[in-house]
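Visitor: My structure is below; once you've seen it, I'll send some questions.
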Amino acid sequence: MKQAINDFIVRFANVNGTGSASANSLFAKTIFRMGIPVTPKNIFPSNIQGLPTWYEVRVSEKGYLGRREGIDLMVSVNPQSMEKDVKSVKSGGYFMYDSTKKLPAPYFREDIHYLGIPMMEMSNGAFADPRKRQLLKNIIYVGALVKLLSMDVEEVRQLIREQFEGKQQLIDANMQALQLGMDYVEGHFDYPLSFHLERRDLIGDKIMVDGNTASGLGAVYGGATVMAWYPITPSTSVAEAFEHYCKEFRIDPDTGEHKFAIIQAEDELAAMGMVIGANWNGARGFTATSGPGVSLMNEFLGLAYFAEVPAVLIDVQRAGPSTGMPTRTQQSDLLLAAYASHGDTKHVLLIPSSPQECFELTAMSFDLAERLQTPIMVMTDLDLGMNDHVSEPFHWDDNRKYDRGKVLSAEELEHIGKFGRYLDVDGDGIPYRTYPGTHPTKGSFFTRGTSKDEYAAYTEDGAAYKRNMDRLIKKWDTAKKLVPSAQLYQKENQSELGMLFFGTSQYSAEEANDLLQEEGLKIDAIRIKAFPFGSEVEEFVASHRLVFVIEQNRDAQMRKMIIMELETSPSKLIPVLNYDGMPITADAIKSQITQFLTLEKTQPHELSKTTL
Amino acid sequence: MSYLKPLFRHPKLPKNKLGYTLKEYEGSLSTLCAGCGHDSISAAIVQACFEMSVEPHHVAKISGIGCSSKTPTYFLGNSHGFNSVHGRMPSVATGASMANKDMVYFGVSGDGDSASIGMGQFVHVIRRNLNMVYIVMNNGCYGLTKGQDSATADQGSKSKAGSINPFQAIDLASMAIELGASFVAQSFSGDKQQLVPLIKAAMHHKGFAFLNVISPCVTFNNNPGSTKSYDYVREHIEATSTLDFVPEMPEITASYEKGKSTKIALHDGSLIQLNKLETDWDPEDRISAVNALQQARIKNEILTGLLYVNAEWKDLHGVLNTYHKPLNRLDEADLCPGEDNLQAINARFR
Chain V
6 MKQAINDFIV RFANVNGTGS ASANSLFAKT IFRMGIPVTP KNIFPSNIQG
56 LPTWYEVRVS EKGYLGRREG IDLMVSVNPQ SMEKDVKSVK SGGYFMYDST
106 KKLPAPYFRE DIHYLGIPMM EMSNGAFADP RKRQLLKNII YVGALVKLLS
156 MDVEEVRQLI REQFEGKQQL IDANMQALQL GMDYVEGHFD YPLSFHLERR
206 DLIGDKIMVD GNTASGLGAV YGGATVMAWY PITPSTSVAE AFEHYCKEFR
256 IDPDTGEHKF AIIQAEDELA AMGMVIGANW NGARGFTATS GPGVSLMNEF
306 LGLAYFAEVP AVLIDVQRAG PSTGMPTRTQ QSDLLLAAYA SHGDTKHVLL
356 IPSSPQECFE LTAMSFDLAE RLQTPIMVMT DLDLGMNDHV SEPFHWDDNR
406 KYDRGKVLSA EELEHIGKFG RYLDVDGDGI PYRTYPGTHP TKGSFFTRGT
456 SKDEYAAYTE DGAAYKRNMD RLIKKWDTAK KLVPSAQLYQ KENQSELGML
506 FFGTSQYSAE EANDLLQEEG LKIDAIRIKA FPFGSEVEEF VASHRLVFVI
556 EQNRDAQMRK MIIMELETSP SKLIPVLNYD GMPITADAIK SQITQFLTLE
606 KTQPHELSKT TL
Chain F
1134 MSYLKPLFRH PKLPKNKLGY TLKEYEGSLS TLCAGCGHDS ISAAIVQACF
1184 EMSVEPHHVA KISGIGCSSK TPTYFLGNSH GFNSVHGRMP SVATGASMAN
1234 KDMVYFGVSG DGDSASIGMG QFVHVIRRNL NMVYIVMNNG CYGLTKGQDS
1284 ATADQGSKSK AGSINPFQAI DLASMAIELG ASFVAQSFSG DKQQLVPLIK
1334 AAMHHKGFAF LNVISPCVTF NNNPGSTKSY DYVREHIEAT STLDFVPEMP
1384 EITASYEKGK STKIALHDGS LIQLNKLETD WDPEDRISAV NALQQARIKN
1434 EILTGLLYVN AEWKDLHGVL NTYHKPLNRL DEADLCPGED NLQAINARFR
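Keeping their order, the protein sequence lines are chains V and F. According to my numbering, the stretch in the first sequence is residues 6 to 617, in order. According to my numbering, the stretch in the second sequence is residues 1134 to 1483, in order.
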């Protein structure tokens, strides 16, 4: 194996529920603190306890934060998955295991190195309490990794002190376990390994945090006061984060009163109803859910669209359809979200790629929802929501004011002859609204899901219905100008090839683009941040012969949306897909693009029949 | 269309404390069938709000889908109404209440809306003791889709088409008490004398006030053999009590003595005065209220009046300890922790 500094992958194979998560994140966080770009991913089962769970850490000197294939070092402490874990190590790589029990003969491979450490035995010898023995076994392997990979032990120790602040006994025990691991390596192996860590200054002021925490925090900064939600993986921690920060910043110190209301609803239907009720009544309300929840919320989303009530929904996507793979990632709710509910509906989607964008776009979603008087869905995914990511730090301009949209005050109503709730006064398709209770005699209107005229009066008159539907499309056009523009990756000379991606595919897509460029293939790129698509997306698609659309679902949903919305020829949009529930890798993108281009050269006729 | 409103109003119509006449509390013309019990309930709401001198625009009226859910259009024209989706009015009302605790919330629903498609939300809004008046206009059938049995249709009751309902009825009032509603009353749309004070008391009750009002469907469920027809209800009605509502304001409704009477104080000092017909009726005893409802059911009686009240339980805002100012009036200064705090948060993630 070639000498690799700060460029390798370690995978931990643990038993769910044995406390390995904190040991594993201790490992990743130390690398982050050493100034080295690092990407950890939880690969966990949909159950409570006892089944295999993995944690994969990619270290990348070049700063690539997506997944890469191949495992350089497997830390295997789960006998249940060991057979599979041994096989997954790259040739020339390392397999670390608990040698308290002898490794069965079939698990031995000629082409990898074995690092047996009697973790359980050491832990049993050092600690009396059975639970502690199990937990600290995990710290023993972190200690071993400190030596094997040249980690900065002081950083590890500091993190342990921070994690167990005020609990000296626990700090001492963890320090002891850490030392046990280090000492064992010193006495038994050659170290450091051929790939290892060197301190760098590549992180700057970046932070490491998960997207759900960022979304919850974004909702606090965005002025949300009402949250209604129903527990569902992987979105639950958005609610937890919102509550956490509300309790920190929104409790009146004098009275103990809460400047927020959080309700765990009886189901997703109720959650969405509460959000709509709150927004109708002038408060910023939101919910967080995942695919099955969005399915249930469909009827209400249609109501909010047609009755023009603001609402914010954070959809942390997971693998569908139906219950699918609840703990695996996908970008497969796009079509469901974009066209949620029956009839002619379209919804505004915001698509963050990083925790910083989860924060920013969540905060922005409340402004947009109120400005446009419509539901806004923030489309994140399990990978972004539940895994730590190295991200730009959060920022807030203290002069920033919330955009409460077109809301008439009692005074303004005094100066209006006849208030028309659904009148297009400004020609942008967005009508004016009033909050209930504003004025004794003016400004009240009836909100309903049925057809109405400009004055909110129920009507089944076809012309009035059509005028309303056409105004909603005008509003949709206004939305195009208000949503964040796509990010264009500038190249000096435009290529005839383009790639288009969004959300968490960004990391691997950027890396794949670099890999392709190394092979002499120049591809322009664009990252979509919102639906409806702005003119820049239209121009990008129009100005390239072929555009590879990279996404994490089976049916190329974004590609379909582009075809439908931009009325583009399907033959120029080439799907590049991954839908096994794991984040897409750079290798997968690169190989699909190369394969297509090779095929196109050799068998253009066949290609048009099969792929498009 | 059930009745026409006169355009001309006598200039000397009685005015309430706010200087409003009854007209200020009316809504649009009803499009329900002539003689619909729901219109009588709307009229009772108008009367109660007028007498209570409630600012109409401080009332939010929220409903689901169905004949009953159309009625918010027909009362309090100066207030905001929300005709939401079938069976989901409680969640919309919950969100609205969270946004602004200072308004009066009327939830209007039907037996289809609450006892079938919306049963889940009905149950949970009770559990949370949301401060609202929840009225079910109960006619035992689906009027808007032309007379199918609803879940509150009594077993053995005959539909207009002549078929006998084979299933047991859901008794919403018993259920509400069982689930912990803090105010449960039952009435008949044809009994305005009883209904108006009940609505007034419900409005002043700080918590979930449930009114199950039998409101016969004149078109689809007023036939012989139906247990929700006008004739049947009139013959089988049994009042637990008549009721006067005495607001904390100086205005006192004259009470009449009949049998024993008892007074119940609400949070704001208002009084409910019960003039008992049943000598041992104690509306603060939950178990006996459930028993009485079950007994009445066995005897094919419809018990009306204030069945149960508990003024002590905290409403949802009390449980969540929300801010004294309505949440929809908070601004950046109240809500946004600012850049300095954000930088401190960033530091935690390094």
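We put the beta carbon where it would ideally sit given N, CA and C, even for glycine.
Evaluate the contact criterion for the segment 1285-1302 of chain F versus the segment 1189-1209 of chain F: three or more CB pairs, one atom per stretch, below 8 Å.
Guide: Touching, no.
Visitor: Using the beta-carbon count (16 or more within 10 Å), is residue 432 (chain V) buried or exposed?
Guide: In the first sequence, counting from the first residue as 1, residue 432 (chain V) sits at position 427. With fewer than 16 Cβ atoms within 10 Å of its Cβ, residue 432 (chain V) is classed as exposed.
Visitor: Skipping 5 residues on each side, what residues in its chain have a beta carbon closer than 6 Å to that of residue 2 (chain V)?
Guide: Examination of residue 2 (chain V) is not possible in this model, given that chain V is present from 6 through 617 alone.
Visitor: Just curious, the beta strand (DSSP E) that residue 58 (chain V) is in, first and last residue?
Guide: What you label residue 58 (chain V) is simply residue 53 of the first sequence in a count that begins at 1. Unbroken beta strand (DSSP E) run through residue 58 (chain V): 57-65.
Visitor: Are any of the Cβ atoms in chain V nearer than 7 Å to that of residue 1384 (chain F)?
Guide: As a first step, residue 1384 (chain F) must be located in the second sequence, where it is residue number 251. Since pLDDT at residue 1384 (chain F) reaches only 42, below the 50 mark, its modelled position is unreliable, and the value read off the structure follows with that caveat. No, because no Cβ of chain V sits closer than 7 Å to the Cβ of residue 1384 (chain F).
Visitor: Just the Cα atoms here: how many angstroms apart are residue 522 (chain V) and residue 549 (chain V)?
Guide: Here residue 522 (chain V) refers to the residue found at position 517 of the first sequence. Here residue 549 (chain V) refers to the residue found at position 544 of the first sequence. Between residue 522 (chain V) and residue 549 (chain V), the C-alpha separation is close to 17 Å.
Visitor: What does residue 272 (chain V) reach in chain F if we use C-beta pairs closer than 8 Å?
Guide: Start at 1 with the first residue of the first sequence, and residue 272 (chain V) comes out as number 267. Per Cβ cutoff of 8 Å: 1253.
Visitor: Between residue 32 (chain V) and chain F, is any beta-carbon pair separated by less than 7 Å?
Guide: Taking the first sequence and counting its residues from 1, one reaches residue 32 (chain V) at position 27. Taking Cβ atoms only, chain F never reaches closer than 7 Å to residue 32 (chain V), which makes this a no.
Visitor: Just the chain F side, please: which residues come within less than 8 Å of residue 212 (chain V) by C-beta, in chain order?
Guide: To locate residue 212 (chain V), count along the first sequence from 1; it is residue 207. Ordered by position in chain F, the residues that pass the 8 Å Cβ test against residue 212 (chain V) are 1479, 1482, 1483.
Visitor: Along chain F, in chain order, which residues have C-beta atoms closer than 8 Å to that of residue 160 (chain V)?
Guide: Against the first sequence, residue 160 (chain V) aligns to sequence position 155. The contacting residues do not exist; residue 160 (chain V) stays about 12 Å from chain F at best.
Visitor: I need the boundaries of the alpha helix (DSSP H) containing residue 607 (chain V), first residue and last residue.
Guide: Counted from its first residue, the first sequence places residue 607 (chain V) at position 602. Residue 607 (chain V) -> alpha helix (DSSP H) spans 591-607.
Visitor: Mind checking if residue 1419 (chain F) is an interface residue toward chain V, Cβ cutoff 7 Å exclusive?
Guide: As a working note, residue 1419 (chain F) is residue 286 in the second sequence. So, not an interface residue.
Visitor: What three-state label does DSSP hand residue 142 (chain V) in the structure shown?
Guide: The sequence position of residue 142 (chain V) within the first sequence is 137, counting from 1. It is helical.
Visitor: Cβ of residue 281 (chain V) less than 7 Å from any chain F Cβ?
Guide: The residue you call residue 281 (chain V) lines up with position 276 of the first sequence. For residue 281 (chain V), the answer is yes, since a Cβ of chain F falls inside 7 Å of its Cβ.
Visitor: Could you compute how far the alpha carbon of residue 1386 (chain F) sits from the alpha carbon of residue 422 (chain V)?
Guide: Working through the second sequence from its first residue, we reach residue 1386 (chain F) at position 253. Working through the first sequence from its first residue, we reach residue 422 (chain V) at position 417. With a pLDDT of 45 at residue 1386 (chain F), under the threshold of 50, the predicted position of this residue should be treated as unreliable, though the coordinate-derived value follows. Going by the C-alpha atoms only, they are around 40 Å apart.
Visitor: Please classify residue 1300 (chain F) as buried or exposed, where buried requires at least 16 neighbouring CB atoms within 10 angstroms.
Guide: For the purposes of this step, residue 1300 (chain F) is identified with residue 167 of the second sequence, where counting begins at 1. It counts as exposed.
Visitor: Quick one: Cα of residue 26 (chain V) to Cα of residue 321 (chain V), how far?
Guide: Here the question's residue 26 (chain V) lines up with position 21 in the first sequence. Here the question's residue 321 (chain V) lines up with position 316 in the first sequence. If I take the Cα positions, the gap works out to 21 Å.
Visitor: Give a single yes or no on whether residue 1251 (chain F) has its beta carbon closer than 6 Å to a heavy atom of the ligand MG.
Guide: In the structure shown, the ligand MG is absent, as is every other ligand, since no ligand is present at all.
Visitor: Round the Cβ separation of residue 56 (chain V) and residue 29 (chain V) to the nearest angstrom and send it over; I've been treating them as touching at under 8 Å.
Guide: Here residue 56 (chain V) corresponds to residue number 51 of the first sequence, with the count starting at 1. Here residue 29 (chain V) corresponds to residue number 24 of the first sequence, with the count starting at 1. With a Cβ gap of about 16 Å, residue 56 (chain V) and residue 29 (chain V) do not count as contacting.
Visitor: Would you kindly report the start and end of the unbroken alpha helix (DSSP H) that includes residue 485 (chain V)?
Guide: As a first step, residue 485 (chain V) must be located in the first sequence, where it is residue number 480. Per DSSP, residue 485 (chain V) belongs to the alpha helix (DSSP H) from 467-487.
Visitor: Using 7 Å as the threshold, is the C-beta distance between residue 1248 (chain F) and residue 1238 (chain F) below it?
Guide: Position 115 of the second sequence, counted from the start, is the residue given in the question as residue 1248 (chain F). Position 105 of the second sequence, counted from the start, is the residue given in the question as residue 1238 (chain F). No.
Visitor: Identify every residue that forms a DSSP beta bridge with residue 215 (chain V).
Guide: Within the first sequence, numbered from 1, the residue matching residue 215 (chain V) stands at position 210. Its beta-bridge partners are V:393.
Visitor: Identify the contact partners of residue 266 (chain V) in chain F, using a Cβ-Cβ distance below 7 Å as the criterion.
Guide: As a position in the first sequence, residue 266 (chain V) is number 261, starting the count at 1. Ordered by position in chain F, the residues that pass the 7 Å Cβ test against residue 266 (chain V) are 1231, 1453, 1455, 1460.
Visitor: State yes or no: is the beta carbon of residue 1287 (chain F) nearer than 7 Å to at least one beta carbon in chain V?
Guide: For the purposes of this step, residue 1287 (chain F) is taken as residue 154 along the second sequence, with counting starting at 1. Not an interface residue.
Visitor: CA-CA distance, residue 1276 (chain F) and residue 1200 (chain F)?
Guide: By one-based count along the second sequence, residue 1276 (chain F) stands at place 143. By one-based count along the second sequence, residue 1200 (chain F) stands at place 67. Spanning the two alpha carbons is a distance of roughly 6 Å.
Visitor: Any beta-carbon of chain F closer than 7 Å to the one on residue 350 (chain V)?
Guide: Taking the first sequence and counting its residues from 1, one reaches residue 350 (chain V) at position 345. Residue 350 (chain V) does not count as touching chain F.
Visitor: Spell out whether any CB of chain F is found under 7 Å from the CB atom of residue 441 (chain V).
Guide: Here residue 441 (chain V) is taken as the residue at index 436 of the first sequence, counted from 1. Yes, contact with chain F.
Visitor: Please name the residue, chosen from V:384, V:407, V:393, that lies closest to residue 342 (chain V) on a Cα-to-Cα basis.
Guide: Reading the first sequence from its first residue, position 337 is the one you call residue 342 (chain V). Residue V:384 is the option with its Cα nearest to residue 342 (chain V).
Visitor: Rank V:280, V:87, V:219 by C-alpha distance to the C-alpha of residue 233 (chain V) and give the top, closest one.
Guide: Translated into the one-based positions of the first sequence, residue 233 (chain V) becomes position 228. The shortest C-alpha separation from residue 233 (chain V) is found at V:280.
Visitor: Just the Cα atoms here: how many angstroms apart are residue 129 (chain V) and residue 187 (chain V)?
Guide: Start at 1 with the first residue of the first sequence, and residue 129 (chain V) comes out as number 124. Start at 1 with the first residue of the first sequence, and residue 187 (chain V) comes out as number 182. Computed Cα separation, rounded: 17 Å.
Visitor: Determine, for residue 481 (chain V), whether the minimum Cβ-Cβ distance to residues of chain F falls below 7 Å.
Guide: Residue numbering aside, residue 481 (chain V) sits at position 476 when the first sequence is read from its first letter. False, the Cβ-Cβ gap to chain F never drops below 7 Å.
Visitor: Could you tell me the boundaries of the beta strand (DSSP E) in which residue 50 (chain V) lies?
Guide: Locating residue 50 (chain V) in the first sequence gives position 45, counting from the first residue. Run containing residue 50 (chain V): none; DSSP gives neither H nor E here.
Visitor: When you compare the CB positions of residue 1262 (chain F) and residue 1343 (chain F), do they come within less than 7 Å of one another, or not?
Guide: Numbered from its first residue, the second sequence carries residue 1262 (chain F) at position 129. Numbered from its first residue, the second sequence carries residue 1343 (chain F) at position 210. Not in contact: residue 1262 (chain F) and residue 1343 (chain F) (Cβ atoms no closer than 7 Å).
Visitor: Would residue 312 (chain V) pass as a contact of residue 454 (chain V) if the rule is Cβ separation under 7 Å?
Guide: The count along the first sequence starts at 1 and reaches residue 312 (chain V) at position 307. The count along the first sequence starts at 1 and reaches residue 454 (chain V) at position 449. Cβ distance < 7 Å, so residue 312 (chain V) and residue 454 (chain V) count as in contact.
Visitor: Kindly list the residues whose CB is nearer than 8 Å to the CB of residue 36 (chain V), restricted to its own chain and excluding five residues on each side of it in sequence; keep chain order.
Guide: Numbered from its first residue, the first sequence carries residue 36 (chain V) at position 31. Contacts found: 43, 62, 64, 156, 202.
Visitor: Given a cut-off of 7 Å, decide if residue 1289 (chain F) and residue 271 (chain V) are closer than it, judged by their beta-carbon atoms.
Guide: Within the first sequence, residue 271 (chain V) is the residue found at index 266, counting from 1. Within the second sequence, residue 1289 (chain F) is the residue found at index 156, counting from 1. The answer is no: Cβ separation not under 7 Å.
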